[in-house]
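In the numbering used here, the protein residues as written are 11 to 331. Every residue gets a Cβ at the ideal spot worked out from N, C-alpha and C, and that includes glycine. Just so we're clear, the structure is a prediction, and the values are computed from it rather than from any experiment. Comments concern the structure below.
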Amino acid sequence: MGYKLTIAFAAALAVTALAVPLAIPALRRMKFGQFVRDDGPQSHLVKAGTPTMGGVVFMPVILVVGLLFAVLGWGNMGAVVAVLLTGAGFAAIGFVDDYIKVFKKRSLGFRAYQKLAAQILVTGAYVAYLLNWGGLDTEILIPFTSGKMWDLGPFYIPLVIVVMLGTVNGVNLTDGLDGLATSVTAIVMVAFLVMSLMVGGGIEPVMAVVSGSLVGFLLYNKYPARIFMGDTGSLGLGGLVAAVAIYLKLPLMILIVGFIYLAEVISVMIQVAWFKKTGKRVFKMAPLHHHFEESGWKETKVTTVFALVTSALAIVGILSI
11 MGYKLTIAFA AALAVTALAV PLAIPALRRM KFGQFVRDDG PQSHLVKAGT
61 PTMGGVVFMP VILVVGLLFA VLGWGNMGAV VAVLLTGAGF AAIGFVDDYI
111 KVFKKRSLGF RAYQKLAAQI LVTGAYVAYL LNWGGLDTEI LIPFTSGKMW
161 DLGPFYIPLV IVVMLGTVNG VNLTDGLDGL ATSVTAIVMV AFLVMSLMVG
211 GGIEPVMAVV SGSLVGFLLY NKYPARIFMG DTGSLGLGGL VAAVAIYLKL
261 PLMILIVGFI YLAEVISVMI QVAWFKKTGK RVFKMAPLHH HFEESGWKET
311 KVTTVFALVT SALAIVGILS I
């Protein structure tokens, strides 16, 4: 299996690395430029116009290459297809969101209730597959308990919805600095790849392809970014990460290996709640990565530190199984 996963990783990396430089001028011609909010860091205003919607490049690569290896029998085909289609569903939501931002010049894209409804619909379809045709039950693995399982019963579906929506929007919020969501998610996927090999998940090609494609995208998304992934990419990646964790019965692992996503979401929740209550801010700016920027950290330092934290927690997560 090792050489197969290496081939899957390398194939996705190569195809993405070749496709992105071809897509950048095309996105420029179509005027798919980043719309930068004026209430964010002032240093980010120079990024306005940088091609966005990079997810339209690497998400198809992930889907096609991932499905190819599934057809070749490298993994559980039904599960691989279900996970990839779930990621595609969230990417489609992100695509519409990006379209609204780019052409309607509305920085927030979808209305909140519209995005939530669409995300719940995709999540519901995935859960329905898992419980009716995917062979999964309502048990999840508890980290640091030597493989003990916990049967959630009727609480399984609510937990899955929270994990899915929280992860998807966590990745979306993390995508605020050059290379940040790309590098963090690549590390998260490598961690889940190792865990899948440990628990016999059968969906290893998904993680190999996603991490490989992200490394290829990072060549152009690192500081100073020549292209951004947009919501097409960040929502799609969030869907893939959550779908993988749920299928492996490791949704609680998101709290460990996906800590950065969690921290970004919580920082926004705290900031909004406290500001509404007191009119004051807890952080200099939210999400959390902007707080560190406003505290004097260079963008590259924030990205590097967040990636290192994720790497360390990925090891912790693997050891917890």
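DSSP, read as helix, strand or coil, puts Met-69 in helix.
A residue is called buried once 16 or more other Cβ atoms fall within 10 Å of its Cβ, and Asn-182 is buried on that count.
Judged by their CB atoms, Gly-64 and Val-178 are not nearer to each other than the 8 Å cut-off. In the DSSP assignment, Met-159 forms a beta bridge with Leu-151. For Leu-245, the closest C-alpha among the options Phe-302, Ile-266, Ile-280, Phe-68 is that of Phe-68. Between Leu-169 and Leu-162, the gap from beta carbon to beta carbon is short of 8 Å.
Non-local C-beta neighbours of Ala-92 in its own chain, meaning closer than 8 Å and more than five positions away in sequence, comprise Tyr-136, Tyr-139, Leu-140, Gly-144, Ala-253, Tyr-257, ordered along the chain. Sequence-distant Cβ neighbours of Tyr-230 in its own chain, meaning closer than 6 Å and more than five residues away, are Val-30, Arg-236, Ile-237. The C-alpha of Ile-197 is placed about 15 Å away from the C-alpha of Leu-329. Residue state for Trp-284 is assigned as helix, using DSSP reduced to three classes.
Phe-202 and Gly-189 have their C-alpha atoms spaced approximately 20 Å apart. Pro-234 and Gly-157 have their C-alpha atoms spaced approximately 43 Å apart. When only Cα atoms are considered, Met-199 and Ser-321 end up about 11 Å apart.
Exclusion of the five residues before and after Leu-175 leaves Gln-129 as the residues of its chain whose Cβ lies within less than 6 Å of its Cβ. Around the beta carbon of Val-81, fewer than 16 other beta carbons lie within 10 angstroms, which makes this residue exposed. C-alpha of Ala-89 to C-alpha of Gly-83: approximately 12 Å in a straight line.
Here DSSP, grouped into helix, strand and coil, assigns Arg-291 to coil. Going by DSSP, Gly-180 is part of the alpha helix (DSSP H) stretching over 166-184. Only exposed fits Asp-147, as fewer than 16 other CB atoms lie within 10 angstroms of its CB.
With 16 or more other Cβ atoms inside 10 Å of its own Cβ, Val-173 counts as buried. Gln-281 is positioned such that its CB atom lies closer than 8 Å to that of Phe-293.
In the structure shown, Gly-99 falls within a helical segment according to DSSP collapsed to helix, strand and coil. In the three-state reduction of the DSSP assignment, Asp-188 falls in the coil class, being assigned neither a helical nor a strand state. Here the alpha carbon of Val-71 sits roughly 7 Å from the alpha carbon of Thr-26. Taking 8 Å as the cut-off, the Cβ atoms of Ala-317 and Ser-223 do not count as close.
By the neighbour-count definition (other C-beta atoms within 10 Å, threshold 16), Ala-18 is a buried residue.
A buried status is given to Ile-266, since no fewer than 16 other beta-carbon atoms sit within 10 Å of its beta-carbon.
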